[in-house]
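*Asks:* Quick one: the structure is below, and I'll ask about it shortly.
In this note's numbering, the protein residues as written are 72 to 789.
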């Protein structure tokens, strides 16, 4: 067996690389050979094609097993139907990695050759990168095992210690490379992971953290088959203080529109992953330039001790633009204290502006700029400096010297051009200054610098003893019986009650039952709520299937007849439920997010559940005490009624217990459930009572093995 780390090490430091499907005809096979032969990396390159004796002047082997000498990596460019046979041959030849450029593969449930067959063919000996990728490169090692034609590979593409991991090969080897070249940002390994049949971004990230060969990683993320593995890798990077910058591609708004649960709809816009990244201090970029500039700054600048920003510029307009960009990211711009203002006024002598932002006019080109920088650094509340200017080499040297001799991070928004255009900017690349070129970039980088993680979260993993030891079995049974449909709320509430959570007293009755008799047998007291429940009725309020404030049996009977007329479904039952004492309505939800993995959602419930931005997304298992969570939530300003502004200890305990039980329940059934929610959970004086519970089972797809597998490859098609 070849471990992920060993395979990745062989990939980036190979003794030899074979190109299976190498050819002189136009296409990927030729591009790979040209790119591999066109750089001086000192690695043996062996073309493989049974129909050719040579490719571009290099002797060609008919098959992988015929190659003499050590080869660690096979670059595979053959028709999809033949790829599994090539992987099997790579396994026989004991190659560590096969990079499958070939497309035409499918994941489970889709059309195309089943990519799982590639993994099976490798048998754990030959690990797979791809399929449907563009290959990989190491700028540091001058290794270019990529099938692209547009990537810049001239003297302006610098070697460095920032890695790029991207499912999209076109993004990795196109705009990101061009931006790195333009800004003079040094790169190390670049990996296009494609469909990720085997090795995924998480594997590469964990390997980079363990080996310590890179200082920061840019992750271009479209999706993941294993959100928990991605979270583990991100956490490993955080614990190692390795900056990670995530650039997400794609939108999940369509998924939000189709969601059955409110929880899934709330998170459907990608908020869950965004909240998780923000919580862990992992920077998010909105575009290619931001991704590179953030990663570069995080490797060059020391961590700030305060979030305030001191701004200086040679122009009031430029300084104002920087201030706007900084403030829009939630970073304060503290005013100068009296001594600082007096010192700056003496320096400026009536010109410019002796404030923060500081308009220092021509002093930008004088030695007095060092005094201005010192004033800003000593201003109470300032923990970072943004110097927006451009000019001579002497100016650049002064800025660089200040950054070198002071612990405060200094970010230069250089207005004189990029390193490709301006020699001073190029020289600043060798200093401890951070470098950006637009106000928006300045604000984004400073925010990322401030939010960079400072500590490792504690994994608490709370669990209370269940009141009913068989409760888990009944939960699993209910999900299986649902057969992919939502579990009716009365069943969900019964399961919660078995776990030990407080739920509103209820009973059920059929169309032929007398609701008054059902109520009496269950001992329910007025006022009541009546609602129809069925697997195909997840949102009953929108359909008018809930009747509230029923104060006697006559009102109950009238409401029941009306509800049955509205929806006479044979699958429905009528749920009768005691009204819960007044309190704040909360949403307690769970979501198996396609990118963030299992998350707990806590926020406004009831009629306010759809208010975007009013919810917190918390990774499961919980990292903090549920009591701390509910305490901070209940004390949030302007969000709760006067009766809950100062929650009692018993209220905090009841709400924390509900969160605790629900979080553990959600984590335990995460593989079987797509989303579920208690909405509302009514938190009042000394109680936290579940009123509704919706469970949406996970949908599983299966796929038969591809009939195309085993077709073999004879060299045709290349």
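The beta-carbon is built from N, C-alpha and C at its ideal position, and this holds for glycine as well.
Can residue 93 be considered in contact with the ligand NAD, in the sense that its beta carbon sits closer than 8 Å to one or more heavy atoms?
*Replies:* This structure lacks the ligand NAD; in fact it carries no ligand of any kind.
*Asks:* Let me know if residue 569 comes out buried or exposed under the rule of 16 or more other beta-carbons within 10 Å of its beta-carbon.
*Replies:* Here the question's residue 569 lines up with position 498 in the chain shown. When all chains shown are included, residue 569 counts as buried.
*Asks:* Between 645, 268, 228, 281, which lies nearest to residue 261 when the distance is taken from Cα to Cα?
*Replies:* Residue numbering aside, residue 261 sits at position 190 when the chain shown is read from its first letter. Ranking the options by Cα distance to residue 261, first place goes to 228.
*Asks:* Tell me, please, which residues DSSP counts as bridged to residue 97.
*Replies:* Residue 97 sits at position 26 when you count from the first residue of the chain shown. None, per the DSSP bridge assignment.
*Asks:* Taking contact to mean at least 3 C-beta pairs separated by less than 8 Å, is the stretch 242–257 in contact with the stretch 296–306?
*Replies:* The stretch 242–257, when compared against the stretch 296–306, does not touch it at the 8 Å Cβ threshold.
*Asks:* What does the alpha-carbon distance come out to for the pair residue 317 and residue 588?
*Replies:* Working through the chain shown from its first residue, we reach residue 317 at position 246. Working through the chain shown from its first residue, we reach residue 588 at position 517. Answer to the nearest angstrom: the Cα atoms are 59 Å apart.
*Asks:* Does the Cβ of residue 668 have 16 or more other Cβ atoms within 10 Å, making it buried, or fewer, making it exposed?
*Replies:* To locate residue 668, count along the chain shown from 1; it is residue 597. When all chains shown are included, residue 668 counts as buried.
*Asks:* Under a Cβ-count criterion, where at least 16 other Cβ atoms within 10 Å of its own Cβ denotes burial, should residue 244 be classed as buried or exposed?
*Replies:* Along the chain shown, read from residue 1 onward, the residue named residue 244 stands at position 173. It is buried - the Cβ of residue 244 has at least 16 other Cβ atoms within 10 Å.
*Asks:* Assign residue 280 to one of two classes, buried (16 or more other C-beta atoms within 10 Å of its C-beta) or exposed (fewer than that).
*Replies:* One-based indexing of the chain shown puts residue 280 at position 209. Residue 280 is buried by the Cβ-count criterion.
*Asks:* CB residue 125 to CB residue 164, shorter than 9 Å?
*Replies:* Numbered from 1 along the chain shown, position 54 holds the residue referred to as residue 125. Numbered from 1 along the chain shown, position 93 holds the residue referred to as residue 164. Contact flag unset, no.
*Asks:* What do you reckon, are the CB atoms on residue 491 and residue 467 nearer than 9 Å?
*Replies:* Position 420 of the chain shown, counted from the first residue, corresponds to residue 491. Position 396 of the chain shown, counted from the first residue, corresponds to residue 467. The answer is no: Cβ separation not under 9 Å.
*Asks:* In the DSSP output, which residue or residues are listed as bridge partners for residue 735?
*Replies:* For this step, residue 735 is matched to residue 664 along the chain shown. According to DSSP, residue 735 bridges with nothing at all.
*Asks:* For residue 83, which of 101, 493, 259, 201 has the nearest alpha-carbon?
*Replies:* To locate residue 83, count along the chain shown from 1; it is residue 12. Nearest of 101, 493, 259, 201 to residue 83, Cα basis: 259.
*Asks:* Considering residue 281, what are the terminal residues of the beta strand (DSSP E) in which it resides?
*Replies:* The residue given as residue 281 occupies position 210 in the chain shown. No beta strand (DSSP E) holds residue 281; the alpha helix (DSSP H) holding it covers 272–282.
*Asks:* For residue 366, which residues of its own chain have a beta-carbon under 7 Å away from its beta-carbon, when the five flanking residues on both sides are left out?
*Replies:* Start at 1 with the first residue of the chain shown, and residue 366 comes out as number 295. Excluding sequence neighbours, residue 366 sits near 233, 287, 289, 314, 316.
*Asks:* By how many angstroms is the C-alpha of residue 694 removed from the C-alpha of residue 561?
*Replies:* Translated into positions along the chain shown, residue 561 becomes position 490. Translated into positions along the chain shown, residue 694 becomes position 623. Near 31 Å, if we compare the C-alpha coordinates of residue 694 and residue 561.
*Asks:* How is residue 740 classed by DSSP in three states: helix, strand or coil?
*Replies:* By one-based count along the chain shown, residue 740 stands at place 669. Reduced to three states, the DSSP call for residue 740 is coil.
*Asks:* Per the DSSP calculation, residue 379 is bridged to which residue(s)?
*Replies:* Within the chain shown, the letter at position 308 stands for residue 379. In the DSSP output, where bridge partners are listed per residue, residue 379 has 453.
*Asks:* Using only the alpha-carbon positions, how far apart do residue 506 and residue 152 sit?
*Replies:* Residue mapping note: residue 506 aligns to position 435 of the chain shown, counting from 1. Residue mapping note: residue 152 aligns to position 81 of the chain shown, counting from 1. Near 48 Å, if we compare the C-alpha coordinates of residue 152 and residue 506.
*Asks:* Contact check, residue 686 vs residue 658 under 8 Å by CB: the rounded distance?
*Replies:* By one-based count along the chain shown, residue 686 stands at place 615. By one-based count along the chain shown, residue 658 stands at place 587. That belief holds up - the Cβ atoms of residue 686 and residue 658 are roughly 7 Å apart, short of 8 Å.
*Asks:* Please name the residue in 156, 269, 192, 138 whose C-alpha comes closest to that of residue 203.
*Replies:* Here the question's residue 203 lines up with position 132 in the chain shown. Looking at the Cα atoms, 269 is the closest of the given residues.
*Asks:* When DSSP builds the beta bridges, which residues end up paired with residue 207?
*Replies:* The sequence position of residue 207 within the chain shown is 136, counting from 1. 216, 262, per the DSSP bridge assignment.
*Asks:* Going by the DSSP bridge assignment, what does residue 512 pair with across the sheet?
*Replies:* Counting from 1 along the chain shown, the entry for residue 512 is found at position 441. Residue 512 is not bridged to any residue.
*Asks:* Apart from the five residues on each side of it in sequence, which residues of its chain come closer than 8 Å, Cβ to Cβ, to residue 463?
*Replies:* Against the chain shown, residue 463 aligns to sequence position 392. For residue 463, where only same-chain residues beyond five positions count, the Cβ hits under 8 Å are 436, 495.
*Asks:* On the criterion of 16 or more Cβ atoms from any shown chain inside 10 Å, does residue 402 qualify as buried, or is it exposed?
*Replies:* Here the question's residue 402 lines up with position 331 in the chain shown. Buried, by the Cβ-count rule.
*Asks:* Could you tell me the boundaries of the alpha helix (DSSP H) in which residue 473 lies?
*Replies:* Along the chain shown, read from residue 1 onward, the residue named residue 473 stands at position 402. Taken as a continuous stretch (DSSP letters only), the alpha helix (DSSP H) holding residue 473 covers 464–476.
*Asks:* What would DSSP say about residue 226, mapped onto helix, strand or coil?
*Replies:* Residue numbering aside, residue 226 sits at position 155 when the chain shown is read from its first letter. Note: residue 226 maps to coil in three-state DSSP.
*Asks:* Measure the beta-carbon distance from residue 611 to residue 602 and round it to whole angstroms, keeping in mind my assumption that it falls under 8 Å.
*Replies:* Here the question's residue 611 lines up with position 540 in the chain shown. Here the question's residue 602 lines up with position 531 in the chain shown. Contact holds; Cβ gap of about 6 Å.
*Asks:* Suppose only complete runs of 3+ residues qualify. What are the beta strand (DSSP E) ranges in the stretch 550–633, listed by chain order?
*Replies:* Counting whole runs of 3 or more residues, the stretch 550–633 contains the beta strand (DSSP E) stretches 577–580, 599–604, 617–621.
*Asks:* Name the residue from 214, 426, 381, 475 whose alpha carbon lies nearest to the alpha carbon of residue 447.
*Replies:* Here the question's residue 447 lines up with position 376 in the chain shown. Here the closest residue by C-alpha is 381.
*Asks:* Which residues in the same chain have their Cβ closer than 8 Å to the Cβ of residue 769, if we skip the five residues on either side of it in sequence?
*Replies:* Within the chain shown, the letter at position 698 stands for residue 769. Excluding positions up to five away in sequence, the list reads 663, 742, 743, 744, 745.
*Asks:* Please list, in chain order, all residues of the same chain as residue 461 whose beta carbon is under 6 Å from its beta carbon, the five residues on each side excluded.
*Replies:* Locating residue 461 in the chain shown gives position 390, where the first residue counts as 1. Excluding sequence neighbours, residue 461 sits near 485, 486, 487.
*Asks:* Taking the alpha-carbon positions, what's the residue 478 to residue 656 distance?
*Replies:* Counting from 1 along the chain shown, the entry for residue 478 is found at position 407. Counting from 1 along the chain shown, the entry for residue 656 is found at position 585. Roughly 48 Å between the two C-alpha positions.
*Asks:* Would you decide whether residue 444 is buried or exposed? Buried here means 16 or more other CB atoms lie within 10 Å of its CB.
*Replies:* Translated into positions along the chain shown, residue 444 becomes position 373. When all chains shown are included, residue 444 counts as buried.
*Asks:* Can you tell me whether DSSP reads residue 354 as helix, strand or coil?
*Replies:* Taking the chain shown and counting its residues from 1, one reaches residue 354 at position 283. Strand, per DSSP.
*Asks:* What's the gap between the Cα of residue 369 and the Cα of residue 520?
*Replies:* As a first step, residue 369 is located in the chain shown; it is residue number 298 there, counting from the start. As a first step, residue 520 is located in the chain shown; it is residue number 449 there, counting from the start. Each residue's alpha carbon lies about 6 Å from the other.
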